[in-house]
Structure formats: structure tokens, C-alpha cells
Amino acid sequence: MKLSREQWFYIILAGLAGALIVFAPLPVRVAPPSQRTFRVEASQFAYSPAVLTVNPGDTVTIELVSTDVVHGLYVDGYGASVTADPGQTVSLTFIANEPGSFRFRCNVTCGALHPFMIGKLQVGTNTLLWRAVGLALLAAFSGVALFPRPATVKAV
Amino acid sequence: MRSELTRFSVVKSLLKNRWPQLFGFIVMLAGFLYAIMTGFIGTPVGNNNFSTVFVWIAWWAILILVAVPFFGRGWCAVCPIPLPGEWIQRGAILEPPSRKPRRFNLRWPNKLRNIWLQNLTFTLVALFSTVILTTPKVTAVVLAAMLFLAVGMSIVFERRTFCRYLCPVSGFIGLYAQTAPVELRVKDKQVCITCKGKPCYNGSAAGYGCPWDVFPGGLTKNTYCGLCMECLRTCPNDNIAINLRPFAADLGQPSRKLDEAFKAFIMLGAAMVYAGVLLGPWGELKSAAYSVGTVAWFGYVMAFLAFIFGLLPALFWLAVKLGQVLSKSNVPARHVFAAFATALVPLGLMFWVAFSLSFVLTNASYIFIAFSDPFGWGWNLFGTAALTWQPYLTTALVPLQTLVLVGGLLWSVRTAQKVGREVKIQPVPVIVFSMLVTLVMLGLLL
Ligand code: SF4
Ligand code: SF4
Ligand code: SF4
Ligand SMILES: [Cu+2]
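Sequence order for the protein chains is L and F.
All residue numbers for the first sequence refer to this note's numbering, where the first residue is 1 and numbers rise by one.
All residue numbers for the second sequence refer to this note's numbering, where the first residue is 1001 and numbers rise by one.
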């Protein structure tokens, strides 16, 4: 495929736009860091609540209670973890200094669906998701702009 | 833009010789039987049993992340499932025997010469997948059932009917094999026209007629060639080549078949459902998918089927219809529906890659554990049984998935445009469809 001058121009433009989407600093709402405590119940094979939302910089304490068998909680990205025997409450404290969306998952084999026992920790806005959405829109638009349209459409 | 790999005599003789392939077969067959055995008698805990861990984490990772995208049907070239049946059918393990064994050798019914049955078997497996994936005994039953079915079909029918028409994974391997950068094709079609006896299809003393019921001289896409190398052995005119080629070369000629189009919807939709159910934070959904036979499970089944066979194709049909109106085309939408579904092939493959990256990287450490303690009985064969579970590359995962999904979308846009040019219909509505499903997938995974 030979690219025309115009197409090269579009490619460079799209590349720049892509770089902007990936690296541009986004305005962040700065909330003063606070202490956040969640009581999370673990049972086969879910956490309740399953989605925890905090602000960047918050000190997060998760009080994990297991209602049936031994369960654990491991936070992706932070690597923090804890395990709880049935009926026992254990707590895990960490500072949520990385913004984004992180899965937390059970780290003690607890039954069939154990590998899928998953919750979500939301720290501030999920900027990575929005950047990814931006990239997807850019990919679709630049794809349409870059490559020639069908002959009949041009004629209309 | 093709480069023939078989022009190197080392490559060619390695592929033509039956021994390296037999070696691969035997290793795979041993692993397969081992997985059936551990599944039946080992621990019922999925993530500590060799069968579930090796089939659904190790094999699956290699298949979807490496084998299919880079080697197309490469896995089928060493797959152990059809082997015992094929050996019985042929009455030989290596070269064709001097006396052909008498088998029924029935032809597969014409009505079923498509991949609808495979669409059905895959969907069935998909509906029970949460149980299959996590229960060693059920995994073992599924593996053993495939083996027995393949043997039975090899005895009753000619060639590899199990692979062509029934194997639940064959449909998507074939569909996505079109994107692979390797292909088996004839060098010169002219030579085939004058070739007497067509031994590549009918067999000869040097090898068997195409087990996949394909005439190599007519190959234009990778979908149904199992890369078994028989035609390389039988062609007396040295007319078969394995080529390196650009990715997705087969997608330039869009398919017109509805069974293949629906395969694309099934795969795209299943990846989205799994991303939500298995990797999402919704516990009720997981238990609904797992509790086979309950009301909740039937609800899950209905939703699954409605999404894959109803919502996705309906929205896609609307997009194709809109494109047709925009281009003032009088080709009815149903004639180009299947052609445009080709754009979902690269997209679906990338959806699966993105989903599997997360699933595989977080569970890969179980592979080392199960390797040393295959039955979950406390063995420690290789000293790796005491490793603790540890997810890998958790920080690289999101950027990787983004790259894969956005790349898949771009690839799908390109494919839709090519199809649009071919059928003279505006592809933008289809592109919007691809973009919307990609956004949903991003939302589910990130
Ligand atoms: S079609 Fe299925 S059974 Fe046949 S070789 Fe491929 S994966 Fe194995
Ligand atoms: S045997 Fe070789 S030359 Fe003859 S039809 Fe087959 S591929 Fe063509
Ligand atoms: S005989 Fe040739 S065309 Fe047929 S499946 Fe084997 S490699 Fe493919
Ligand atoms: Cu668990």
C-alpha cells in the first residue's frame, strides 16, 4: 500500500493526537486526604461491598470479615493483602496514592470460583479508562479519515 | 509480499518427515491423557489440579495468545484429540499401509457441511464454561468425551469429520486463523489443473488424502486447512508451499457465509460476557453462571443467548442496513451482512487476547504449583509446589489491554473499509458498531 502525502499528514496528526491523549495532564480534583474505613464481607465467591471508592492520598482501612470459609484480599497494583478466618475480622491499611481502578481478589483457595472472587478499588477518577476511550475514538475516526472510502460513496 | 518457508530444505524435510510430527503428537497425547487422569482422580479444587490449570490456563494462554494469532491452525497440527481415531481409520501410525483397512468411510451429510454444528457445540460448552473451567472432573469428562467422539466419528465417517464439523474449538481457531501470518497454499494453480489423480486429495503411497477434506489447489483462506502436512508429502509436483505473509491476508476476500458470520458474533459476544461475569465485581452473576440447573442459571443462559444471537447481530444488521441506505445501494443488506461480519474477526480475536491476558497473568502462578503437585495430594515433584499464588504484571496489564483493544479496533476499521469497497457499501455504521462494542469491552476490563 502506497501512502499519499495527505495520508502521511493524517498519520502524523493522529500520532500527535494519540500522544496528547496518553500523556496530557488531566485536571484532578484534589480532595484533602482523609481516613476511610470499609467493612467488607467476604463469602463464597463475592465481596460486599464489591466496589470501594476513595480519593487519591486517602488512608484506606479494609476490615475484612469472612462469613463462611477462609478468604483473603489482595489488592492488584498495591500488592497489599490480608487473610481472614471464618467469623474473624482482620484489617488491612494502606495509603491509596496511586489513582486508577484496581481489582482486589481472594488469595486463599476457597472453592470452585475462587479465581474469580473479585472486587474493585476505585482511587479517584479512572483516568486510564478515559484515556483508553479517547484512543479508541481516535482510532475509529482516524481510520475513517485515513483510508479511502468506497468508490460509490465518493460519487454520491 | 509472500515469502516461502518451504524453500529452505531443512524446514521442508522437517515438515515432510513423519517422525518430528509423531514426536509432537505423542507428547501432546501423553499430556492430554495425564490431564484426563488427574481430573478424574485428583483434588476437586480447580486451581490445584493439573487438568484445570493446564487446560484452561496454560493451554488456553498458548492457544489464544500465541498459536492462533501467529500460527493459525498450528495447534491442530499437533492436537492429540483426533489421533487415536485417525490411527484406527488409517490402520497405521506413519505411512499409509499397503493394504487399506476396511472402514465404513461414510461421507458427511451435505446439509451439515458447514460450521453450524460447531457453533452449537461451542455455545453449549460456553453455557457451562464456569463449571467446566473450575471443576477438574468436568474438565476430564469434556476432554474424554471429545476423544471418544473423535474416535467414533473416524470409524464411521471418512477423513476428519470431528475436526471439520463438530470440535467446539475448531470453529474459532479456523475463523481467527485467517489473521495469522502463515499459510499453506499451492505454488502454481496451473500445475494442479493438469495434475493426474490429484494425490493431495485422494492420497497415494506417500501419504493420505487431505484429512480435512480440502482440495489444496483451491485453498484461498486458512479456515479449513489443518496444517497436517499430508499434501506436502503427497504432491508429486512439489507444488505445496508454506508461506510467510502479512497478517490477516485472508480478510481481503470477505466471507459470504452466515455460519462463519455467526461464529464471529458468538466469539465477540462470549468474550464480552466472560469479561463481565468472570472478571467483574458482580458476585450474583458469577453464582448464576455457576449454579447449573437453577432458575438463576436459566436466566443467565437466556441473557447469554439473547445477547449473542439477538442483540449483537440485530444491531450489526441495522448498521449494515444504514450503510446500504447511505450508499443508495440496492444490494439487499442480508447479502452483505456476512461480508461485513469479517470486520469482527480481528476485533473478536483482540477481545479474547485482552480478556485472556488478565485471566492468564493473574492465575499463571498456579501452573508451577500444579506442575509439582498435579493431583493436589501434597506432592512436590519439581520443588515448585510450595510457591504462593502471585498475580503477574498487574501494573502493565491495563496499558497492554488498552493497546490490544485499540489495535483491534483499528484493525477492524481497516477490514470494514476493505469490505465496504468490495461490496460498494458505506462502512461507517459498521465502524461505529465496532467502536461501541470496544468501548463496552474497555469499560468491563479496565
Ligand atoms: S479441530 Fe479440534 S480436535 Fe481437530 S485438531 Fe483442531 S482442536 Fe484438535
Ligand atoms: S497433488 Fe500437487 S499438483 Fe496435484 S493437484 Fe494436488 S497440489 Fe496440485
Ligand atoms: S492435507 Fe494439506 S490442505 Fe489438507 S489439511 Fe493437510 S495441510 Fe491442509
Ligand atoms: Cu478464594
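Backbone N, C-alpha and C fix where the C-beta goes; we use that ideal spot for every residue, glycine too.
The model shown is predicted, which means the values in this text are computed figures rather than measured ones.
Closest option to residue 1433/F, judged by alpha-carbon separation, among 1445/F, 1265/F, 1363/F: 1265/F. In summary, residue 1146/F is buried, with 16 or more beta-carbon neighbours lying within 10 Å of its beta-carbon over all protein chains present. Residue 1325/F holds the alpha-carbon nearest to the alpha-carbon of residue 1425/F among 1372/F, 1388/F, 1398/F, 1325/F. Taking 9 Å as the upper bound on Cβ-Cβ separation, chain F lies near residues 114, 115, 116, 117, 118, 119, 120, 126, 128, 129, 131, 132 of the region 114-132 of chain L. Here DSSP, grouped into helix, strand and coil, assigns residue 43/L to strand. Residue 1195/F sits away from residue 1210/F, with the two beta carbons spaced by 8 Å or more.
One thing to note: residue 78/L has its Cβ within 8 Å of the Cβ of residue 98/L. Straight through space, the alpha carbons of residue 23/L and residue 1126/F are spaced by roughly 39 Å. Residue 76/L is classed as buried because its beta carbon has at least 16 other beta carbons within 10 Å across all chains shown. Residue-level contact by beta carbon fails for residue 94/L and chain F, as no gap is shorter than 8 Å. Put simply, the backbone Cα of residue 1226/F is about 38 Å away from that of residue 1287/F. In this structure, residue 1320/F has its beta carbon at no less than 7 Å from each heavy atom of ligand 1. For residue 1393/F against residue 1361/F, the beta-carbon gap comes to about 5 Å, under 8 Å, which counts as contact. Scanning chain F for C-beta atoms nearer than 8 Å to the C-beta of residue 68/L yields nothing, as the closest lies near 13 Å away. Residue 1418/F carries a helical assignment under DSSP once its states are collapsed to helix, strand and coil. When 8 Å is used as the limit between beta carbons, residue 85/L is near no residue of chain F, the shortest such separation being about 18 Å.
The distance from the Cβ of residue 1035/F to that of residue 1054/F is about 6 Å, consistent with a contact at the 8 Å cut-off.
Ordered along the chain, residues surrounding ligand 4 are 106/L, 110/L, 114/L, 117/L [Cβ under 5 Å from any heavy atom]. For the pair residue 1164/F and residue 1082/F, the CB atoms are not nearer than the 8 Å cut-off. Contact holds between the region 31-46 of chain L and the region 116-124 of chain L, because three or more Cβ pairs, one in each stretch, are under 8 Å apart. For residue 1362/F, the enclosing alpha helix (DSSP H) begins and ends at 1344-1363. Of the candidates 1418/F, 1437/F, 1423/F, 1441/F, 1418/F places its Cα closest to the Cα of residue 143/L. Using a Cβ-Cβ distance cut-off of 8 Å, the region 1118-1136 of chain F and the region 1150-1157 of chain F are not in contact, since fewer than three pairs of beta carbons, one from each stretch, lie closer than that value. Bridge pairing for residue 84/L: 71/L [DSSP]. Note on the region 1239-1307 of chain F: whole beta strand (DSSP E) runs with a minimum of 3 residues are 1240-1244, in chain order. Residues of the region 1371-1394 of chain F whose Cβ lies closer than 7 Å to any Cβ of chain L, in chain order: 1389, 1391, 1394. The contact set of residue 51/L on chain F, defined by CB atoms closer than 8 Å, consists of 1281 in chain order.
Distance between residue 1345/F and residue 1415/F, taken at the CA atoms: about 9 Å. Secondary-structure assignment with DSSP links residue 20/L through no beta bridge to anything. Ranked by how close their Cα comes to the Cα of residue 1373/F, the residues 1223/F, 1046/F, 1192/F, 1228/F have 1046/F in first place. Taking 9 Å as the upper bound on Cβ-Cβ separation, chain L lies near residues 1277, 1278, 1279, 1280, 1281, 1282, 1283, 1284, 1286, 1287 of the region 1256-1287 of chain F.
Approximately 10 Å separates the beta-carbon atoms of residue 1385/F and residue 1377/F; this is outside 8 Å, ruling out the contact. Straight through space, the alpha carbons of residue 1156/F and residue 69/L are spaced by roughly 50 Å. Only 1422, 1423, 1424, 1425, 1426, 1427, 1428, 1431, 1432, 1434, 1435, 1438 from the region 1422-1438 of chain F bring a Cβ to less than 9 Å from some Cβ of chain L.
DSSP places residue 1081/F in the coil class of the three-state scheme, outside both helix and strand. These are the residues, in chain order, with a beta carbon less than 7 Å from any non-hydrogen atom of ligand 1: 1073/F, 1075/F, 1076/F, 1079/F, 1081/F, 1082/F, 1146/F, 1150/F, 1160/F, 1162/F, 1163/F, 1167/F, 1169/F, 1170/F, 1173/F, 1226/F.
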